[in-house]
Every structure is written in structure tokens, then in C-alpha cells.
Amino acid sequence: GSGVIVRIYRGSGVIVRIYRGGGVIVRIYRGSGVIVRIYRGSGVIVRIYRGSGVIVRIYRGSGVIVRIYRGSGVIVRIYRGSGVIVRIYRGSGVIVRIYRG
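The opening residue of the sequence shown carries number 6 in the numbering used here; numbering runs sequentially from there.
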């Protein structure tokens with residue numbers, strides 16, 4: 006009775022974990038190595054690509070997408086609609102802003 010609901014979709018290789026109370030939903034796509042975390046209420050979706058070390062954070066409503074490349078220390082922020090892409094190179098102190106269009 007930890008308050009965790011686990012749903013396994015056989016064949017598809019999808020495992021869904023729902024944490025009651027916390028409002029966190031975790032989807033694990035087996036084989037692909039993709040983990041999706043949905044934080045209910047906050048509208049934040051986190052995608053973790055295992056193996057590649059890429060973490061993608063989507064802030065719903067705001068239209069902000071943040072990509073974190075683990076190991077390289079590169080953070081990419083995409084502001085949807087505005088066409089602004091911000092690249093932060095951690096450690097080097099370099100910030101690159103690209104204004105699309």
C-alpha cells in the first residue's frame with residue numbers, strides 16, 4: 006500500500022507507474038529506453054532518453070522546451086512561438102541565443 010499503481014501493457018513494452026498523492030505519472034518504454042515523467046498539475050513533462058543521456062523537459066502552457074545533454078553539459082532552451090533558442094554551455098560560461106525567423 007505505497008500508493009503506487011503499476012500498469013504493464015504487454016506486447017507494447019510500456020510500463021506506467023502512477024504515484025498517488027504526488028500526481029506523478031511515469032511511463033517507461035521498454036526497449037527504446039525512453040522514460041516519460043508527467044507531473045500532474047504543474048504541466049511539466051520530463052523525457053529521459055536512456056543511453057543517450059538526453060533529458061527533455063516540456064513546460065506545458067508556457068511553450069518552453071528544455072533539453073539537457075548529460076555529460077556534455079549543454080542545455081538547450083527552446084521558446085516555442087517566439088522562435089528563440091538558447092544554448093547554455095555549462096562550465097565554459099558561453100550562452101548562445103538564436104532568434105529564428
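Ideal Cβ positions, reconstructed from N, Cα and C, are used throughout, including at glycine.
Next on the checklist: For Arg92, report the span of its beta strand (DSSP E) as first-last.
Outcome noted: Counting along the chain, the beta strand (DSSP E) containing Arg92 begins and ends at 89-94.
Next on the checklist: Using the Cβ count rule (16 or more neighbours within 10 Å means buried), how would you classify Ile10?
Outcome noted: Taking all protein chains in view, the Cβ of Ile10 is surrounded by fewer than 16 other Cβ atoms within 10 Å, so the residue is classified as exposed.
Checklist entry - Are there 16 or more other CB atoms within 10 angstroms of the CB of Ile103, so buried, or fewer, so exposed? => result Exposed, because fewer than 16 other Cβ atoms sit within 10 Å of the Cβ of Ile103.
Checklist entry - Does DSSP put Arg62 in a helix, in a strand, or in coil? => result The three-state secondary structure of Arg62, taken from DSSP, is strand.
Checklist entry - Helix, strand or coil for Arg82 per DSSP? => result Arg82 falls in the strand class under three-state DSSP.
Checklist entry - Pick from Arg92, Ile33, Arg35: whose alpha carbon is nearest that of Ser77? => result When each option's Cα is compared against that of Ser77, the closest is Arg92.
Next on the checklist: Bridge partners for Arg102 per DSSP, in chain order?
Outcome noted: BP columns for Arg102 point to Val91.
Item to check | Option nearest Val51 by Cα separation, candidates Val59, Val81, Arg42 | outcome: Among Val59, Val81, Arg42, the Cα nearest to that of Val51 belongs to Arg42.
Next on the checklist: Just to confirm my understanding: we take Ile32, look at its own chain, exclude 5 residues before and 5 after, and list those with CB closer than 6 Å. What are they?
Outcome noted: In the sequence under discussion, the amino acid at residue 32 is Arg, which differs from the Ile named in the question. Hits under 6 Å: Val21, Val41.
Checklist entry - Can you give the beta carbon distance from Arg105 to Gly86, rounded, assuming they're within the 8 Å contact cut? => result At roughly 11 Å, the Cβ-Cβ gap does not stay under 8 Å, so Arg105 and Gly86 are not in contact.
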